[in-house]
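Sequential numbering of the sequence shown, starting at 2, is according to this note's numbering. No residue lacks a Cβ here, since even glycine has one placed at the ideal position from N, Cα and C. Since the structure is predicted, the reported quantities are computational estimates derived from the model, not experimental observations.
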Amino acid sequence: MKQEVVRMKRKIVSVLLVAAMIFSLAACGGTEDKQGEPSDTENEEGDPSVNEEGTAGGDVTFPLDEKMTYTAFSVLHASTYDLDDSLPMQILQEECNIDIEFQSVMSAELSEKRNLLLNSGEYPELLIKSGITTSEMSDYGRQGILIPLEDLIQEYMPNLTAWLDDNDAWQWITSSDGHIYGLPCYELAITDWTPYWINMKWIENLGLEEPTNLDELYEVLKAFKEEDANGNGDPDDEIPLAFNGMPDFLFQYLGEAVDSRTYCYVNDGQLTFAPVSDIYHTYLEFFAKLYAEGLILDTCFTITGEELTAMGTANDVIGSNPAAGIFLTVGRDRDEDYKILTPFEKGKYSIGNGISTGVFCVTDACENPEPALAMFDTFYSQEGGTLATMGVEGKTYTINEDGDWEWIVGGEYGDTVDEVRGNGTIQGTTAGPYISPDIWWNNMSPKTDPDEVYLNKERVRTAEYGVSVLPNMFYSQEDEDIVSTLFTDIRTYCEEYTVQVITGEKDLESTWDEYVSTIEQMGLSELMDAYQRTYENSLEMLQ
C-alpha cells in the first residue's frame with residue numbers, strides 16, 4: 002500500500018496530464034475511492050486513461066468545439082487575487098475551451114454585495130466561492146433564482162457523484178425541499194467552533210500545566226496577567242485572553258457538545274437550547290469574572306480582526322486566542338508557542354463533518370449549465386483536488402524523495418507561500434468547489450509550510466475528542482420559516498445580553514431569570530419544537 006501511495010503521488014497532476022485528467026477523471030467518470038486507491042480507469046503504468054472521444058458526463062465533449070463564456074460572482078481569492086488569474090482556473094478554462102468572466106469583491110463585502118446582486122434581478126450565471134449560506138441557498142432556490150443541481154450532478158459530474166455515494170454525503174448538501182442548490186467543498190472534519198489556542202511557552206515559563214477544566218483555565222489566565230508570563234520584565238503588558246466579537250469558542254469546553262448551527266446539544270434524544278441552560282450560565286459567569294479581573298482584552302467587543310492581528314504580531318503579548326490558525330493572530334514566528342487547548346472530555350467536543358455547501362451555485366440566468374458543471378467536476382477527484390489546492394507539480398509544488406510535497410517558493414508563482422497559494426491554487430478562507438486530497442493532509446512536508454503542517458496536526462489531534470452533534474437537518478418549509486425567523490431574533494438578544502453581563506452592565510444572578518423568560522416569550526418553545534421535530538425526522542430519513 003505504501004509503495005502504491007508513493008506511486009500515486011509521483012504521477013499526480015502535471016501540466017502535461019491536465020488535459021488527460023479533464024477528459025478522463027473529470028469528464029469520463031474515472032474516480033478514486035476515499036482511501037486514495039487508484040480506480041480501474043488507470044492503465045498499467047498508473048496514468049489516467051484517456052477517453053478517445055473526450056466525452057464528459059452526459060453529452061458534453063471537451064474541448065468544446067466553440068468557446069463558451071459564463072459570467073460569475075466570486076470573492077477575491079486570498080483577498081488579493083482574482084480567481085480567474087489562478088493557475089488551476091487558467092488550465093481548466095483553456096483545456097475545456099470555456100471562459101469565465103469573474104466579478105470579484107473583497108471578503109468583507111461578499112455577503113452584502115452578493116445579496117444585493119441576487120435581489121436586483123441582474124445577476125451572473127454562476128456563484129463561485131461566494132460564501133452563500135445554506136438558508137440563503139434554500140431561499141433563493143424557492144424563488145427560482147438558483148436552479149436545482151441534483152440531476153445535473155448525477156449526469157454531468159461523475160467524480161462528485163462517486164464521492165457523494167462513497168461518503169454517504171448527499172444528505173449534507175440537500176436542502177429541506179429535497180433539492181441541491183450548491184456544490185460542496187470537503188476538507189478535514191475539525192472543531193465546529195473556532196479553535197481556542199493557548200500559549201504553552203508562557204505556561205512553561207511559569208512552571209504551570211495545560212488546564213484540564215475551567216477552574217484551571219482561570220488560574221492559568223490569572224497567572225499570565227500577574228507573573229510576567231512573557232518574561233520581558235514588564236508584568237503589565239500581557240493580555241491573557243484576546244479575541245474580537247462573541248466568545249462562543251468556549252462552548253467547546255462547557256461539558257456538552259453544542260451544535261454551532263442550532264446552539265443545541267442532545268441528551269437522550271432531546272435537544273436543549275444551550276443559551277438558556279446551566280452551561281450558558283456557567284459560561285457567562287466565567288467570562289464576567291475574567292473581564293472584571295482584567296484577564297480579557299477590554300476592547301474585545303469593538304476591536305477589529307485586523308487590529309487584533311496587528312497587536313498580536315507586533316509583540317509577544319497574547320496568552321490565548323480563538324483563531325482558525327493562531328499564526329493569523331500572532332504571526333508565523335510565534336505560532337508554535339501555542340496549541341489548541343485540549344478538550345476537557347471526549348465526546349463533549351463538537352466537530353463538523355468537513356463539508357461546506359454552496360461553494361458553486363447556478364442561477365436561472367444560465368442557459369447551459371452542463372459544460373460548467375462537467376468542467377468543475379475535475380476538482381472532485383484526488384488529482385483534481387490536488388490541482389485545486391496545490392497547483393501543478395513542478396510549478397507550484399514538488400514531491401521530495403520521501404513522497405512528501407512542498408511548495409516551490411521563489412519561482413514563477415511567488416516569493417512566499419501566501420503568494421504561491423494565491424497565484425497557484427483556488428484554496429482560501431472562503432471554501433471552493435473541490436475535495437481536499439489525501440496528500441494535502443497526510444504528506445505535507447514541514448519544509449513547505451511549517452505553520453500549516455503544525456495547524457493540521459493540531460486540528461487532527463483535537464478532532465479525535467470530537468463528535469458530530471446533529472445530522473443534516475431536513476427542515477420542512479414551515480419549520481424552516483420558523484427557525485429562520487425565531488433563531489435570528491433570539492440569537493441577537495442572547496448576544497446583547499451576553500455582552501452586557503460580561504462587561505458588567507448587567508448582573509448575572511439578578512437578571513438571569515428575566516433573560517430566560519424573555520427568550521421564552523420570543524418563541525423559544527416554537528423554535529425548539531421545530532428543531533426537535535426536524536431532528537427526529539432527519540434521523541428517520543437516514544435510516
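Burial state of residue i, where buried means 16 or more other Cβ atoms lie within 10 Å
| i | result |
| --- | --- |
| K448 | exposed |
| D376 | Looking at the sequence provided, one finds Met at residue 376 rather than Asp. Buried is the call here. |
| D66 | exposed |
| S628 | Because the chain spans 2 through 544 in this model, residue 628 falls outside it and cannot be assessed. |
| K226 | buried |
| Y234 | One detail in the question is off: residue 234 reads as Gly in this sequence, not Tyr. Exposed, because fewer than 16 other Cβ atoms sit within 10 Å of the Cβ of G234. |
| A258 | buried |
| G423 | buried |
| Q383 | buried |
| L242 | buried |
| N473 | buried |
| N444 | buried |
| T134 | exposed |
| T463 | buried |
| M542 | exposed |
| M107 | exposed |
Alpha carbon of residue i to alpha carbon of residue j, nearest angstrom
| i | j | result |
| --- | --- | --- |
| G467 | A325 | 17 Å |
| E137 | T417 | 36 Å |
| L329 | P323 | 10 Å |
| F488 | L528 | 7 Å |
| I101 | E407 | 30 Å |
| E126 | V363 | 6 Å |
| P248 | T504 | 13 Å |
| F63 | Y381 | 17 Å |
| G270 | G320 | 38 Å |
| T192 | I352 | 4 Å |
| L255 | I280 | 6 Å |
| H180 | P149 | 6 Å |
| S539 | Q253 | 24 Å |
| D480 | Y532 | 8 Å |
| S446 | V410 | 14 Å |
| D317 | G332 | 10 Å |
| L476 | S87 | For the record, residue 476 in the displayed sequence is Tyr; it is not Leu. Approximately 38 Å between the Cα atoms of the pair. |
| D403 | E220 | 44 Å |
| V277 | L471 | 19 Å |
| S139 | G359 | 10 Å |
| C301 | E95 | 47 Å |
| E74 | I129 | The amino acid at residue 74 is misidentified as Glu; the sequence shows Phe. Near 6 Å, if we compare the C-alpha coordinates of I129 and F74. |
| C29 | A289 | The predicted position of C29 is uncertain, since its pLDDT is 33 and thus under 50; a value taken from the coordinates is nonetheless stated next. Using only the alpha carbons, I get a separation of about 59 Å. |
Which of helix, strand or coil DSSP assigns to residue i
| i | result |
| --- | --- |
| T364 | strand |
| F488 | helix |
| E228 | coil |
| N424 | helix |
| Q144 | coil |
| N457 | helix |
| V51 | With a pLDDT of 28 at V51, under the threshold of 50, the modelled position of this residue cannot be trusted, and the question is left open. |
| K35 | Residue confidence for K35 is low, a pLDDT of 32 falling below 50, so the modelled location carries little weight; the figure read from the coordinates is stated next. The answer is coil: DSSP assigns K35 none of H, G, I, E or B. |
| S139 | helix |
| V106 | strand |
| V517 | helix |
| V418 | helix |
| F467 | Per the sequence shown, the amino acid found at residue 467 is Gly instead of Phe. In the structure shown, G467 sits in a strand (DSSP, three-state: E or B). |
| G386 | helix |
| T512 | helix |
| M529 | helix |
| S539 | helix |
| G524 | coil |
| S357 | strand |
One or two residues paired with residue i in a DSSP bridge
| i | result |
| --- | --- |
| G348 | Answer is none; G348 lacks a bridge partner. |
| H78 | Y82 |
| Y398 | E394 and W408 |
| W198 | N322 and I341 |
| V502 | Paired residue(s): none; V502 is not in a bridge. |
| I101 | Y71 |
| Y266 | T273 |
| M474 | Its beta-bridge partners do not exist; DSSP assigns none. |
| L242 | I297 |
Alpha helix (DSSP H) segment containing residue i, residue limits
| i | result |
| --- | --- |
| C301 | Note, C301: premise wrong, no alpha helix (DSSP H); not H, not E. |
| T162 | P159 to D167 |
| L88 | L88 to C97 |
| I280 | D279 to A293 |
| L184 | Run containing L184: none in the alpha helix (DSSP H); it sits in the beta strand (DSSP E), L184 to Y187. |
| I129 | Looking at the DSSP string, I129 is not in any alpha helix (DSSP H); the run it does join, the beta strand (DSSP E), is L127 to I129. |
| I191 | No alpha helix (DSSP H) contains I191, which DSSP labels as neither H nor E. |
For residue i, the first and last residue of its enclosing beta strand (DSSP E)
| i | result |
| --- | --- |
| K340 | Y339 to I341 |
Cβ-heavy atom distance, residue i to the ligand MN, below 6 Å
| i | result |
| --- | --- |
| N424 | As for the ligand MN, it is missing from this structure, which has no ligand bound. |
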